[in-house]
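Please read the structure below before turning to the comments.
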Ligand code: DQA
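Numbering (the working numbering), first residue to last: 346 to 484.
Structure below.
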């Protein structure tokens, strides 16, 4: 099984960006942890971009090579119909993950355009959410 682990804008700053909300782990720490957790069960392909079009192209590429996508689209979660459309063109499973509990935060974070396409959503469990997503996808 091959899983695309996809991160959107500002998540390249994890560890430095508002650690009281997002924790102290860097994106590299999280990617390593997810790869280790999935070892022997799934190959994890990691990609991060601050650009909407690049995230969309990564989802298009996943149509060929990946069975599932774990996506934390960052702020694009709350704005991007284009990312939703790209995910709708992807046939595999989709799990949406957010490190923070977006429902305990500003109202504009309560809406997700991706949620209606996702097979599951994991919110507010920090980086553990990605491990839970791997467990779900590989069960
Ligand atoms: C986030 C929540 C989003 O609202 C925010 O824009 C992010 C990170 C999370 O993982 O908690 O960049 O997706």
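C-beta atoms are modelled at their ideal positions from N, C-alpha and C, and glycine is treated no differently.
**Request:** Flag this pair as touching only if the segment 381-400 and the segment 452-461 have three or more C-beta atom pairs under 8 Å; answer yes or no.
**Result:** In short, these stretches do not touch, since the Cβ pair count stays below three.
**Item:** Proximity of residue 401 and residue 427 at Cβ, strictly below 8 Å
**Value:** With contacts defined by Cβ atoms closer than 8 Å, residue 401 and residue 427 form a contacting pair.
**Prompt:** Is it the case that the Cβ atoms of residue 413 and residue 482 are separated by a distance below 8 Å?
**Reply:** Result yes, Cβ atoms of residue 413 and residue 482 sit closer than 8 Å.
**Request:** Report yes if the CB atom of residue 407 is closer than 8 Å to the CB atom of residue 476, and no otherwise.
**Result:** Against a cut-off of 8 Å, the Cβ pair of residue 476 and residue 407 comes out as no contact.
**Item:** Extent of the continuous alpha helix (DSSP H) to which residue 479 belongs
**Value:** Per DSSP, residue 479 belongs to the alpha helix (DSSP H) from 473-483.
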